[in-house]
Amino acid sequence: MIELKTPSEIEAMKPAGRFVGSILTELRKRTTVGTNLLEIDDFVKQRVLSRQGAESCYVDYAPDFGTGPFAHYICISVNDAVLHGVPYDYDLRDGDLVSLDLAISVNGWVGDSAISFVVGRDKDPEDLRLIACTEEALAAGIAQARPGNRLGDVSAAIGDVARSQGYTVNLDFGGHGVGHIMHGDPHVANDGRAHHGYRLRPGLVIAIEPWFMATTDEIYQDPKDGWTLRSSDGSRGAHSEHTIAITENGPVILTARDGD
1 MIELKTPSEI EAMKPAGRFV GSILTELRKR TTVGTNLLEI DDFVKQRVLS RQGAESCYVD
61 YAPDFGTGPF AHYICISVND AVLHGVPYDY DLRDGDLVSL DLAISVNGWV GDSAISFVVG
121 RDKDPEDLRL IACTEEALAA GIAQARPGNR LGDVSAAIGD VARSQGYTVN LDFGGHGVGH
181 IMHGDPHVAN DGRAHHGYRL RPGLVIAIEP WFMATTDEIY QDPKDGWTLR SSDGSRGAHS
241 EHTIAITENG PVILTARDGD
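Heads up: the sequence shown begins at 1 in UniProt numbering, then just goes up one per residue.
As structure tokens, this is what we get:
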């Protein structure tokens, strides 16, 4: 069921969005060559535990697309991993492409966001192009999230950016409604038909999250952890996401970070 928030409820969602955005900003600065993935997870855990009213949306989360409850505070996907990456004992290396996906509830309201970046000095231009494409697609999708448009306008804008830069789009996972729960209606596909689908209304809060892989749109679930989704051909993936509220005056980014 699609729920519309009142203006006061959207205001109540802003602390969660700001908290998620601030943590990702910090992690972007402190995640470097040699950083261990478990250190990142523990940093988020300590931030959540120290914030009154904050709860992880991931710990003990057990949807049908995972194997058993998730046991960490953040999803970290490296290189050929693109979604739902389980943190493990790994020190990041020069040139690794890292995607951080974070969802936290504050006082009962959820913020959900993701960033991708390359650590170290050895930055492959193709990795940077892929990341930039997800960011451009995210901006294009947000620009279409206005009252009177349709959900297909958001999806089509994302897909158009991907195709224009030579990437294909996987439709198995995409954006979603956000509120008291992390994953709600409606599903926000990363490609679609403009002028089709649910008509956007003020009060709708959704996560828009383009994710693409360099040379494929096929994924598989890593059997070692039952969660991490990897590209079928070993090519790298990138992921960008914001939680946004649709208002009478247009979209409002609830998970904005420094520089957005």
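A virtual CB, placed ideally from N, CA and C, is assigned to each residue, including glycine.
For clarity, every value in this text was computed on a predicted model and none was experimentally measured.
When secondary structure is reduced to three states using DSSP, Ala194 falls in the coil class, being assigned neither helix nor strand.
The closest CA to that of Gly152, considering only Gly192, Val78, Ile23, is found on Gly192.
Less than 8 Å divides the Cβ of Ser235 from the Cβ of Ala214.
Taking C-alpha positions only, Asp64 is separated from Trp211 by approximately 20 Å. If you look at Met182, you'll find it isn't in any beta strand (DSSP E); DSSP assigns it neither H nor E. A Cβ-Cβ separation of about 7 Å places Gly179 in contact with Trp109 under the 8 Å criterion.
Annotation: the continuous alpha helix (DSSP H) that includes Ser164 extends over 151-164. In its chain, beyond the 5 residues on either side, Gly21, Leu24, Thr25 have a beta carbon closer than 7 Å to the beta carbon of Arg257.
Going by beta carbons, Cys57 and Ala103 fall inside the 8 Å limit. The C-alpha of Gln144 lies about 27 Å from the C-alpha of Arg28. Between the beta-carbon of His84 and that of Gly111 there is about 18 Å, and that puts the pair past the 8 Å contact cut. In terms of Cα proximity to Leu4, the closest of Asn149, Ala245, Ile253 is Ala245.
Between the stretch 221-235 and the stretch 182-191 there are fewer than three C-beta pairs closer than 8 Å, too few to call the two in contact. With contacts defined by Cβ atoms closer than 8 Å, Leu92 and Val33 form a contacting pair. Counting along the chain, Ile23 sits inside no beta strand (DSSP E); it lies in the alpha helix (DSSP H) bounded by residues 7-30. Under DSSP, the beta-bridge partners assigned to Cys75 are Asp101. Phe173 and Ser8 have their alpha carbons spaced roughly 30 Å apart. Looking only at Pro147, Ser77, Val154, the smallest Cα-Cα distance to Leu38 is reached by Ser77.
Partner residues in the beta bridge of Arg230, as assigned by DSSP, are Ala81, Tyr220. Under DSSP, Gly250 forms a beta bridge with Thr247. The beta carbons of Leu200 and Arg146 sit about 6 Å from each other, so the pair counts as a contact at 8 Å. The three-state secondary structure of Glu3, taken from DSSP, is coil. Residue pairing of Asp124 in beta bridges, as defined by DSSP: absent, with no partner found. Note on geometry: alpha-carbon atoms of Arg18 and Leu254 lie some 7 Å from one another. Setting aside the 5 residues that flank it on each side, Ile131 is surrounded in the same chain by Ser116, Ala238, each with a C-beta closer than 6 Å to its C-beta; the list follows chain order. Residue range 37-50 is occupied by the alpha helix (DSSP H) that includes Val44. In this structure, the alpha-carbon of Ala157 lies about 15 Å from that of Pro251. The shortest CA-to-CA distance from Lys14 to any of Ala54, Ile2, Phe43 is the one to Ala54.
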